[in-house]
Amino acid sequence: MTVRFGADGLRRLGELMSTAAPVPDALLDRDAVPAADAAGGPALDLQEPERWLWHPAPGGSVPLAGAWSDPAQYEMVDDARLRRRLLTTPPARVGDLDPEEQRLYARHSADIAMRGGTTSGVVYPLAVCELAKDRRLRNVGGASAGAIAAAAAAAAELGRSTGAAPSGPAPTGRLRSGFPGLADLVAWLVQADAPDDREQYRLAALFRPAADQRRLFAIAVAVMRRRVWAAPVAAFAALRWFFQVALLVAVALGVWSLAVVTSSLAGTDGTWVATALRGAGLLVGGVLAVSAVTAALLLAPSLLEPLRRRRRVRADLSLTTEEVNRLQQHSTSRPRLGLDRKGDGGGLLVVALLALGSAAFLRPYGAAERTVAVLGGLSLVLVLLAVVGVAVLLWALRARGRSYGLVPGATPYRAPSPLDRLVGAGRRGDDTRPLSTWLSDALADLAGLTTAPTAPTAPTAPTADGGRGDAVLCFGHLWQGPDFRPVPEDRAARPLPEEAAVRAAADDPAARLVNLVVMTTDLSRKRPWTFPLDPWRTDAPAEDGDAAADPLSLWFDPADLTASWDPDRGGTDVLPRHVVDLMVDVTRASVRTVPRADGSGAVTLYRLPQPWNLPVVLAVRISGALPVLLSAVRLYRLRRPSRVRDDLGRLVVHGRGAGSRPVCSQEPPEVAEELWLSDGGITSNFPVHLFDSYLPRWPSFGLNLGEHVPGQPVQDVWLPEDWQSALVPADRLGAGLPALLGAVLTCARNWRDNLQTAMPGYRSRVAWVRQHEGEGGTNLFMARTTIAALALRGALAGARLRVRYADPGQWDRHRWLRLRVSAANVEELRGRLAVARPVYGDVLDGGAPWLSQLRDGLTGDPDLPGTDAHWFAPDVDTYWRDVARLLDSAGEADAATHLAAGVPAPPPRLSQVPPV
1 MTVRFGADGL RRLGELMSTA APVPDALLDR DAVPAADAAG GPALDLQEPE
51 RWLWHPAPGG SVPLAGAWSD PAQYEMVDDA RLRRRLLTTP PARVGDLDPE
101 EQRLYARHSA DIAMRGGTTS GVVYPLAVCE LAKDRRLRNV GGASAGAIAA
151 AAAAAAELGR STGAAPSGPA PTGRLRSGFP GLADLVAWLV QADAPDDREQ
201 YRLAALFRPA ADQRRLFAIA VAVMRRRVWA APVAAFAALR WFFQVALLVA
251 VALGVWSLAV VTSSLAGTDG TWVATALRGA GLLVGGVLAV SAVTAALLLA
301 PSLLEPLRRR RRVRADLSLT TEEVNRLQQH STSRPRLGLD RKGDGGGLLV
351 VALLALGSAA FLRPYGAAER TVAVLGGLSL VLVLLAVVGV AVLLWALRAR
401 GRSYGLVPGA TPYRAPSPLD RLVGAGRRGD DTRPLSTWLS DALADLAGLT
451 TAPTAPTAPT APTADGGRGD AVLCFGHLWQ GPDFRPVPED RAARPLPEEA
501 AVRAAADDPA ARLVNLVVMT TDLSRKRPWT FPLDPWRTDA PAEDGDAAAD
551 PLSLWFDPAD LTASWDPDRG GTDVLPRHVV DLMVDVTRAS VRTVPRADGS
601 GAVTLYRLPQ PWNLPVVLAV RISGALPVLL SAVRLYRLRR PSRVRDDLGR
651 LVVHGRGAGS RPVCSQEPPE VAEELWLSDG GITSNFPVHL FDSYLPRWPS
701 FGLNLGEHVP GQPVQDVWLP EDWQSALVPA DRLGAGLPAL LGAVLTCARN
751 WRDNLQTAMP GYRSRVAWVR QHEGEGGTNL FMARTTIAAL ALRGALAGAR
801 LRVRYADPGQ WDRHRWLRLR VSAANVEELR GRLAVARPVY GDVLDGGAPW
851 LSQLRDGLTG DPDLPGTDAH WFAPDVDTYW RDVARLLDSA GEADAATHLA
901 AGVPAPPPRL SQVPPV
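Under full-length UniProt numbering, the first residue of the sequence shown is numbered 1, with each subsequent residue one higher.
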């Protein structure tokens, strides 16, 4: 299905914001439909009553899309009382509803997981709006940039479920609450409120580099804006002064050397000014010649690719040349799609200009002088590359001091410099908020928060970074509603009476009003985490000093999150100051000053707030920390002393303390270990598994991103069937080594997510939104016509999921498939338990005495834990008997091998996996 693009897509998006239309007419580019299909059949008529998917249900109407700005689109049912019960009843209390209400509850509920990707914030909002017309979002999850869209969707659901319907447009710089606010977000990105047609690149404007990284970031901007001529200037400006001096000296020496050598070859002499000008001309001509040859070699593969792609498309679709031209003209928001040479005109022009410039400078000289000039130019280019390479290496080796990234997230606004304007990064809009500040305000708006969620110490005036500072969305708001107020925690983070309700929601996700889960990656411990974390148990040290007594307890240094906390230190602006103030206010009782584990001094730390007090923007900022572009976030854990023994069981002593007291590992008694948290997409870029269950009560949708497949230029959105799990198109591997290395990295990161997506019962509920080259990736400077086309593709993906699962037959088919697969899994588990049961007979018969005897007689470790769950069963008298009865009941059943026979492929496996 080809979605409208270009100026037509932008116009249509503006129309659909307030009005609804039948899906094919609203979103699809009907001119892209071929005159006949590949098999020679008749043309597809989108108006046929029998058209698949979009036909009206019996007694129903034609499915509509659009009107995303209208709050009435998200009411789901006509009965206001029933609507309130559906919206405000968490899954744990669904038993309070009568049977008919429970049926409607499941019918109008959904979970959703979102894949990471730079364009996710553009693609997903309208997809979520389409789903929200018919479904109440119970669980929302995402990773990387998908976490931003997931948080916005969860906040919008909170705004719809607990807030008043917005009336009228939002004030300038604000979003309405609920899902109309998501539509406002898309309208803001496409500049619907702009007085003229000048591109403001509002998405890119959110990514503001640190003050000492602006010149380096300018290189990335020049590349994204494809201003090749500006990249060398930005690169020179980004170098330290001594590298710049080295380059200038190298140029001066090159000029003079060429002048002397070529003057000797030509037998000429003159003033030093004439000699210098002669050398400069030769050097410039030589550099231009080398650059022209290099550019031609680099562009050769892209110049030949359109010819190969045209042949491949024609062969795959069995179409004529005229039909291929028609398809590629209407297949994307980037017309021509590289199927001809027009897209490479810029590269050809650069090569031609370099060649002409070289010829112009070298024309007055002889062959020997030209040869020397080219060799001199090549030498200078190699020197330039060497100097730049050393500078890049030094920057990379010192990246830790910059938090391993260019953009912290909350850098205060600075007026564009001449270099910013040169590379195309200058601002034209009037919104000066950076990413984290804008995101914090947007989440509060969508959720309908209007007051500060903490003590009166929280700021209420506009902040220095342009943020409002009057409200911060916490996970507790999503769990309990806008009336949630954080309660300051004590030193041990012990349960407080006033926290009983929110702690119950922390222990049971089903008790939450909206459950948001985002993936993050702990680079220091090489593992993923999901935020919100589990509530921490206690701050009291373990009886034996075990370092793992409280492994989930995290700490933070406020200066690592906002530079204004300690101006003399020069920290990092990851979050706006008012968000960090909130975190400090609720954990002020737990402040500690402890030495760093690396011996670099002491650090003053605050405990990371309990999950309900944690600002959502912090979890989202960590999850979306795209390596190098966005800085990683530094947190800490406190490592307590641990005993180190040699192979003979003796304590290792590494010194003597006061009074000749032996000092054992490790001293000091408690140290702070750095933990660097980064992009959740490093470990799981599409966490489609987050909310899955063996027998789901409602659908768990997935929104996925992918590239257009060669030979399928008209399929902007793909919603496959379950039987198509083996038809996922394979990516074409490039010819170079970088393509291989990129494929290796992608496979290592995403193989588990990819396989999970292909499982029976998953594939048919995951919609793919396909992108073309230049859309997404690290391209922040997308034209608003491109943003509009991507947003419309997302709307189509959401509409397809909504319409498919509104059909009772489709949902019944899905339930049957999940029942079929789960029965096979349970039967496989039963068989394993039945076979292994005899091996554990002595354990179950011996009970607690057997366990005590084992512990007393166990050798090999003098430091066994004294009070640990590894050794003590629950304090229930019938524990051993109940375990035996459970295993016996599983083993007594007759083997029903037919339950697992013929299960849909690939057959899933039931296994124990670590929690994240």
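Here a beta-carbon is modelled for each residue, glycine too, at the ideal position from N, C-alpha and C.
Because the structure is a prediction, the values reported are computed rather than measured.
* Taking contact to mean at least 3 C-beta pairs separated by less than 8 angstroms, is the region 247-257 in contact with the region 383-393? -> They touch, by the three-pair rule.
* Residues of its chain near A17, where Cβ-Cβ distance is below 7 angstroms and the 5 sequence neighbours each way are ignored -> Contrary to the premise, residue 17 reads as Met rather than Ala in this sequence. Listed in chain order, the non-local C-beta contacts of M17 below 7 angstroms within the same chain comprise W68, S69, A183, A187, local neighbours out to five positions each way being set aside.
* Give the DSSP bridge partners of F531, in chain order. => In the DSSP assignment, F531 is bridged to V518.
* With distances taken from CA atoms, which of G409, L523, R881 is nearest P576? -> Closest option to P576, Cα to Cα, is G409.
* Asked: From the DSSP output, which residues share a beta bridge with D111?
  -> Residue pairing by DSSP places D111 opposite N139, S700 in a beta bridge.
* Tell me whether A799 sits in a helix, a strand or coil according to DSSP, three-state version. => DSSP places A799 in helix when its eight states are reduced to three.
* **Run of the alpha helix (DSSP H) containing L64, from where it starts to where it stops** => From DSSP, L64 is part of no alpha helix (DSSP H) but of the beta strand (DSSP E) over 64-66.
* To do: Quick one: measure Cβ to Cβ for V671 and R639, integer angstroms, because I've assumed they're closer than 8 angstroms.
  => Between the beta-carbon of V671 and that of R639 there is about 5 angstroms, and that keeps the pair under the 8 angstroms contact cut.
* Bridge partners of residue 929, per DSSP? -> Not covered by the structure: residue 929. The range shown for the chain is 1 to 916.
* Taking the alpha carbon of T19 as the point to measure from, which residue in A788, A65, P535, G9 has its own alpha carbon closest? -> Out of A788, A65, P535, G9, the CA that lies nearest to the CA of T19 is found in A65.
* Asked: Which partner residues does T162 have in the DSSP bridge list?
  -> Answer is none; T162 lacks a bridge partner.
* Nearest-angstrom Cα distance between V620 and A145? -> Each residue's alpha carbon lies about 8 angstroms from the other.
* Asked: Quick one: is P627 near chain C, going by C-beta distance under 8 angstroms?
  -> Although the question refers to chain C, the structure presented lacks it and comprises just one protein chain.
* **Beta-ladder partner(s) of R637, from DSSP** => Answer is E673, bridged to R637.
* Segment contact flag, the region 749-758 with the region 685-705, C-beta cutoff 8 angstroms, min 3 pairs -> Using a C-beta cut-off of 8 angstroms, the region 749-758 makes contact with the region 685-705, since at least three inter-stretch Cβ pairs fall below that distance.
* Of all the options F531, P509, K526, which has the alpha carbon lying nearest to the alpha carbon of M519? -> Comparing alpha carbon positions, the residue from F531, P509, K526 closest to M519 is F531.
* To do: Could you work out which residue in G6, S61, L790, R11 is closest to P22 when comparing CA atoms only?
  => Per the C-alpha coordinates, the member of G6, S61, L790, R11 positioned closest to P22 is S61.
* Identity of the residues DSSP links to S678 by a beta bridge -> DSSP output for S678 lists T521 as bridge partner(s).
* If you check the beta carbons only, do M114 and A149 fall under 8 angstroms apart? -> Yes, Cβ-Cβ distance for M114 and A149 is below 8 angstroms.
* Asked: Is the region 70-86 close to the region 589-605, with three or more CB pairs under 8 angstroms?
  -> Verdict: no, contact absent.
* To do: Please name the residue in T683, A359, D573, D845 whose C-alpha comes closest to that of R525.
  => Looking at T683, A359, D573, D845, the one whose alpha-carbon comes closest to that of R525 is T683.
* **Backbone secondary structure at R4 - three-state DSSP** => Under the three-state reduction of DSSP output, R4 falls in the coil class, being neither helix nor strand.
* Does DSSP put Q771 in a helix, a strand or coil? -> Looking at Q771 - three-state DSSP - the assignment turns out to be strand.
* Asked: Any idea what DSSP makes of P615, helix, strand or coil?
  -> Residue state, collapsed to three classes: strand.
* Asked: Alpha carbon to alpha carbon, what distance is there between Q73 and S440?
  -> Going by the C-alpha atoms only, they are around 26 angstroms apart.
* Asked: What three-state label does DSSP hand R592 in the structure shown?
  -> Annotated three-state conformation of R592 is strand, per DSSP.
* **DSSP beta-bridge partners of residue 917** => Given a span of 1 to 916 for the chain in the structure shown, any question on residue 917 remains unanswerable.
* How about L635 and L677: do their beta carbons lie closer than 8 angstroms? -> Yes, the pair counts as a contact, with Cβ atoms nearer than the cut-off.
* **Inter-residue Cα distance where the pair is V769 and Q715** => Whole-angstrom Cα-Cα distance: 9 angstroms.
* To do: Select from W811, D420, A152, S553 the residue whose C-alpha is nearest the C-alpha of G121.
  => Closest by alpha carbon: A152.
* Asked: Do the region 736-752 and the region 804-822 make contact, defined as three or more Cβ pairs closer than 8 angstroms?
  -> Contact between the region 736-752 and the region 804-822 is not established, with fewer than three Cβ pairs separated by less than 8 angstroms.
* C-alpha distance - G286 paired with R363, whole-angstrom precision -> Cα-Cα distance, rounded: 11 angstroms.
* Sort out for me which residues DSSP pairs F556 with in a bridge. => Its beta-bridge partners are Y606.
* Asked: Looking at C-alpha atoms only, which residue of V273, L446, G116 is the closest neighbour of R174?
  -> Taking only the C-alpha atoms, the option nearest R174 is L446.
* Name the residue from H108, E674, A559 whose alpha carbon lies nearest to the alpha carbon of A597. => Ranked by how close their Cα comes to the Cα of A597, the residues H108, E674, A559 have E674 in first place.
* Asked: Is Y762 buried or exposed, if buried means 16 or more other CB atoms sit within 10 Å of its CB?
  -> By the neighbour-count definition (other C-beta atoms within 10 Å, threshold 16), Y762 is a buried residue.
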